[in-house]
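Novice:
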Amino acid sequence: MPQQVRNWYKDRKAIFSLNGAYLLSTLGDRLWAFTIGMFTHQIGGIMYIATQQLADSIIKLIFTPIIGKILDKTNRNKGIQIALLINNFCVSISALVFAYCFHLLETTPDKKELQGHENIFLLIALIFSSMAKVASEIERMAFTKDWIVVLVQSSENSRLSAQNSIMNVLDQVSAALLPLFTGILLDTFSRIVCCVFVIVYNISSWIIESRILHTVYRDTPALKRRKSVDSEEIVEAQGNVSWIRSFKLYFNQKAWRPAFALAMLYFTVLSFDNLAISYGAKQGLSATALGTFMTAGSICGLLGNVSYTYFERCMGLLLTALIGFFLQNACAMTAGYSQVFFDSPLNITGYAENFELKSWPSRIISEIQSPSTRSDIIALPASQWPLSIILFFVGITFARYGLWIIDPTIIQIMQETIPERNRYRIFGVQASISEFFSMLKDIMVGLKKNPINFHVFSGHLVLPNGDLRCTLRRVCLFSKSSDDSLFHLLHKGISKFSQASQYSNII
Numbered sequence: 264m265p266q267q268v269r270n271w272y273k274d275r276k277a278i279f280s281l282n283g284a285y286l287l288s289t290l291g292d293r294l295w296a297f298t299i300g301m302f303t304h305q306i307g308g309i310m311y312i313a314t315q316q317l318a319d320s321i322i323k324l325i326f327t328p329i330i331g332k333i334l335d336k337t338n339r340n341k342g343i344q345i346a347l348l349i350n351n352f353c354v355s356i357s358a359l360v361f362a363y364c365f366h367l368l369e370t371t372p373d374k375k376e377l378q379g380h381e382n383i384f385l386l387i388a389l390i391f392s393s394m395a396k397v398a399s400e401i402e403r404m405a406f407t408k409d410w411i412v413v414l415v416q417s418s419e420n421s422r423l424s425a426q427n428s429i430m431n432v433l434d435q436v437s438a439a440l441l442p443l444f445t446g447i448l449l450d451t452f453s454r455i456v457c458c459v460f461v462i463v464y465n466i467s468s469w470i471i472e473s474r475i476l477h478t479v480y481r482d483t484p485a486l487k488r489r490k491s492v493d494s495e496e497i498v499e500a501q502g503n504v505s506w507i508r509s510f511k512l513y514f515n516q517k518a519w520r521p522a523f524a525l526a527m528l529y530f531t532v533l534s535f536d537n538l539a540i541s542y543g544a545k546q547g548l549s550a551t552a553l554g555t556f557m558t559a560g561s562i563c564g565l566l567g568n569v570s571y572t573y574f575e576r577c578m579g580l581l582l583t584a585l586i587g588f589f590l591q592n593a594c595a596m597t598a599g600y601s602q603v604f605f606d607s608p609l610n611i612t613g614y615a616e617n618f619e620l621k622s623w624p625s626r627i628i629s630e631i632q633s634p635s636t637r638s639d640i641i642a643l644p645a646s647q648w649p650l651s652i653i654l655f656f657v658g659i660t661f662a663r664y665g666l667w668i669i670d671p672t673i674i675q676i677m678q679e680t681i682p683e684r685n686r687y688r689i690f691g692v693q694a695s696i697s698e699f700f701s702m703l704k705d706i707m708v709g710l711k712k713n714p715i716n717f718h719v720f721s722g723h724l725v726l727p728n729g730d731l732r733c734t735l736r737r738v739c740l741f742s743k744s745s746d747d748s749l750f751h752l753l754h755k756g757i758s759k760f761s762q763a764s765q766y767s768n769i770i
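Each residue of the sequence shown is one higher than the one before, starting from 264 at the first, in the working numbering.
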């Protein structure tokens with residue numbers, strides 16, 4: 264028995280090590296994502312956050328396909344080590360700049376003299392943060408889209424869906440723990456102390472992750488080579504070297520329809536991004552309260568990952584994706600409809616009457632140059648929270664269940680169908696398309712003085728029906744078989760589910 268245990272551990276040692284490095288990476292990403300949202304809201308306001316997220320989306324849209332093409336031709340260890348270094352270095356520099364900015368705010372009595380310098384330091388911090396987000400996206404792509412697939416194929420008894428679920432669970436565990444921990448940290452200690460903590464964590468995690476990944480690469484021969492492909496695929500890959508042709512290669516993949524359906528969610532899906540954090544803080548929620556909502560959402564995500572593994576075995580990937588799409592849209596629309604409650608700050612009629620397209624760019628520039636939110640956040644007790652705000656965050660929280668059924672399902676479809684030599688490029692294009700839809704959302708945010716309301720109203724009272732219909736059509740068209748209609752998928756899924764239930768009853 265001990266020998267069997269040793270053999271079992273030896274077969275999965277590399278996977279365990281990769282999961283450990285991925286957990287450290289996600290902990291750092293979640294820590295910084297929540298922290299920078301609170302920092303930016305306190306110094307620059309919600310318009311600054313919308314502009315920064317728009318800039319992040321544009322940068323990812325442009326550079327991820329290009330970087331993906333380069334990584335397909337680069338040594339795996341070298342590529343992930345560079346991304347790891349850039350991510351942690353840029354986060355540390357950004358946190359250092361934020362610390363200096365808060366030091367100036369605390370030591371300068373006359374805020375008018377500080378305003379110009381404050382904006383400059385904030386922009387520098389956000390630039391480094393944007394660079395870190397691109398590197399983090401590449402790092403996550405290497406962990407979850409490439410390395411884990413190779414390690415599973417090298418292992419004798421590992422299942423790709425199970426390993427995808429484990430990595431998603433690790434991500435959701437970090438998403439559950441870090442926001443609550445970070446919220447308490449921000450409410451307890453000064454901003455400068457929080458910045459120092461971020462810097463120390465990123466430097467420490469970089470050293471540990473780098474060593475782990477180097478060991479995994481050294482001990483896994485399959486990571487040192489890429490599978491050969493057919494001559495036609497090589498010619499196609501060599502011809503598609505430009506940014507535009509990378510998109511052409513993406514749309515030639517078998518799984519582009521469900522992948523594109525997943526990307527469409529980035530326009531209407533609500534998440535705990537910096538906009539939601541800033542919106543909640545503006546309505547009187549404390550950092551601890553926001554962290555608690557994010558923790559609850561991550562728990563729903565954990566349940567979604569567990570359900571994904573079970574549904575995939577019982578019903579197959581396609582029907583699992585459809586179930587996730589239905590559940591996510593239903594919960595997200597709850598958050599959307601909360602904005603028409605009596606105590607909601609939404610005033611869509613007044614906005615439509617007063618909106619002028621000519622004055623829109625100048626108003627955004629003025630808001631960025633002279634942010635309106637420059638005071639400490641005043642948190643309200645839970646008894647005074649508006650009902651619309653509670654429903655808004657409850658809808659976001661439970662939508663994570665359906666979202667984390669969809670995401671790993673579509674990702675597994677892509678993992679199983681994309682050639683290994685084009686993996687980084689295709690997933691880079693996928694990230695780029697997702698950022699395009701996210702960018703449209705951020706552009707809509709800039710259309711209103713209280714932008715989150717217009718985003719919610721437009722994204723979830725008008726678009727869900729059309730988005731869901733397109734999604735269903737694209738997922739169902741994934742298979743070339745004429746039998747894979749929606750009715751056939753439902754019938755086949757119910758039959759598999761019944762067989763699995765009968766089998767479990769016998770056991």
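Using N, Cα and C, we set each Cβ at its ideal position, and we do this for glycine too. This one's a predicted model, so the numbers in the text were calculated from it and none came from an experiment.
Report the rounded CA-to-CA distance for Ala559 versus Glu698, giving the unit in angstroms.
Specialist: Near 25 Å, if we compare the C-alpha coordinates of Glu698 and Ala559.
Novice: Taking the beta carbon of Ser696 as the centre, do at least 16 other beta carbons fall within 10 Å, making it buried, or is it exposed?
Specialist: One detail in the question is off: residue 696 reads as Ile in this sequence, not Ser. It counts as buried.
Novice: Give me, in chain order, the residues of the same chain whose beta-carbon lies closer than 8 Å to that of Gln344; leave out the 5 immediate sequence neighbours on both sides.
Specialist: Excluding residues within five positions, the ones whose Cβ falls inside 8 Å are Ser473, Leu476, His477.
Novice: With DSSP collapsed to three states, give me the class of Thr680.
Specialist: Helix, per DSSP.
Novice: Taking the C-alpha atoms as reference points, what is the distance between Tyr213 and Ser701?
Specialist: This structure cannot settle anything about residue 213, because the visible part of the chain is limited to 264 through 770.
Novice: With 16 other CB atoms within 10 Å as the buried threshold, where does Pro328 fall?
Specialist: Its Cβ being crowded by 16 or more others within 10 Å, Pro328 is buried.
Novice: Taking just the CA atoms, how far does Cys577 sit from Phe391?
Specialist: Taking the straight line joining both Cα atoms gives about 45 Å.
Novice: With the cut-off set at 8 Å, would you say Ala398 and Asn350 are in Cβ contact?
Specialist: The answer is yes: Cβ separation under 8 Å.
Novice: Excluding five sequence neighbours on each side, which residues of the same chain lie with their C-beta closer than 8 Å to the C-beta of Leu367?
Specialist: So the qualifying residues of the chain are Leu377, His380, Glu381, Phe384.
Novice: On the CB-based measure, 16 or more other CB atoms within 10 Å of its CB, does Leu281 come out buried or exposed?
Specialist: Looking at its Cβ environment, which holds 16 or more other Cβ atoms inside 10 Å, Leu281 is buried.
Novice: Helix, strand or coil: how does DSSP classify Pro328 here?
Specialist: Looking at Pro328 - three-state DSSP - the assignment turns out to be helix.
Novice: Give the single residue among Thr597, Thr551, Leu433 whose Cα lies nearest to the Cα of Phe452.
Specialist: When each option's Cα is compared against that of Phe452, the closest is Thr551.
Novice: At a cut of 8 Å, does the stretch 308-318 reach the stretch 507-518 through at least three beta carbon pairs?
Specialist: Taking 8 Å as the limit for Cβ pairs, the verdict is that the stretch 507-518 does not touch the stretch 308-318.
Novice: Using the three-state DSSP reduction, which class does Ala518 fall into: helix, strand or coil?
Specialist: The answer is coil: DSSP assigns Ala518 none of H, G, I, E or B.
Novice: Jot down the residue ranges of each uninterrupted alpha helix (DSSP H) in the stretch 551-609, minimum 4 residues, whole runs only, in chain order.
Specialist: The qualifying runs are 580-600.
Novice: State the CB to CB distance for the pair Trp648 and Gly567, rounded to an integer number of angstroms; the pair is presumed to be in contact (CB under 8 Å).
Specialist: The Cβ separation is near 26 Å, so there is no contact.
Novice: To test your reading of the DSSP string, which unbroken alpha helix (DSSP H) runs of 4 or more residues are found completely within the stretch 346-411?
Specialist: Entirely contained in the stretch 346-411, the alpha helix (DSSP H) runs reaching 4 residues are, in chain order, 374-404.
Novice: In this structure, how does DSSP classify Phe523 when only helix, strand and coil are distinguished?
Specialist: Residue state, collapsed to three classes: helix.
Novice: Hey, would you say Val461 sits closer than 8 Å to Val354, going by beta carbons?
Specialist: The answer is yes: Cβ separation under 8 Å.
Novice: Do Ala313 and Ser417 count as a contact pair if the criterion is CB distance below 8 Å?
Specialist: Result no, Cβ atoms of Ser417 and Ala313 do not sit closer than 8 Å.
Novice: Rounded to the nearest angstrom, how far is the Cβ of Ile676 from that of Phe588, given a contact under 8 Å?
Specialist: Not really, about 14 Å apart at Cβ, beyond 8 Å.
Novice: How would you call Leu650, buried or exposed, if buried means at least 16 neighbouring beta carbons within 10 angstroms?
Specialist: That one is exposed.
Novice: Roughly how many angstroms separate the alpha carbons of Ile401 and Ile659, rounded to a whole number?
Specialist: Rounded to whole angstroms, Ile401 to Ile659 spans 26 Å at the Cα level.
Novice: Distance check for Gln435 and Leu565, CA to CA, integer angstroms please.
Specialist: Rounded to whole angstroms, Leu565 to Gln435 spans 6 Å at the Cα level.
Novice: Measure how close the beta-carbons of Ile278 and Ser421 come, nearest whole angstrom, since I'm counting them as under 8 Å.
Specialist: Right, the Cβ-Cβ distance comes to about 7 Å (below 8 Å), so this counts as a contact.
Novice: According to the neighbour-count rule (16 or more other Cβ atoms, all chains shown, within 10 Å of its Cβ), is Leu463 buried or exposed?
Specialist: Looking at the sequence provided, one finds Val at residue 463 rather than Leu. It counts as exposed.
Novice: Under a Cβ-count criterion, where at least 16 other Cβ atoms within 10 Å of its own Cβ denotes burial, should Asp482 be classed as buried or exposed?
Specialist: Exposed: under 16 other Cβ atoms inside 10 Å.
Novice: Could you spell out where the alpha helix (DSSP H) holding Ala438 opens and where it closes?
Specialist: It spans 423-451 - the alpha helix (DSSP H) in which Ala438 sits, taken as one unbroken run.
Novice: How big is the Cα-Cα spacing for Pro671 and Ser570?
Specialist: Their Cα atoms are separated by approximately 11 Å.
Novice: For Ala438 versus Ala346, is the C-beta distance shorter than 8 Å?
Specialist: The answer is no: Cβ separation not under 8 Å.
Novice: For Glu472, report the span of its alpha helix (DSSP H) as first-last.
Specialist: Run containing Glu472: 454-482, per the alpha helix (DSSP H) assignment.
Novice: Less than 6 Å between C-beta atoms, sequence neighbours within five positions excluded: which residues of the same chain meet that for Asn340?
Specialist: Tyr480.
Novice: Run through DSSP, which three-state label would Trp648 get?
Specialist: In the structure shown, Trp648 sits in coil (DSSP, three-state: anything other than H, G, I, E or B).
Novice: Quick one: Cα of Thr407 to Cα of Leu334, how far?
Specialist: Between Thr407 and Leu334, the C-alpha separation is close to 15 Å.
Novice: Would you please state the rounded distance, in angstroms, between the beta carbons of Gln516 and Ile689? I believe it to be under 8 Å.
Specialist: About 6 Å; that satisfies the 8 Å criterion.
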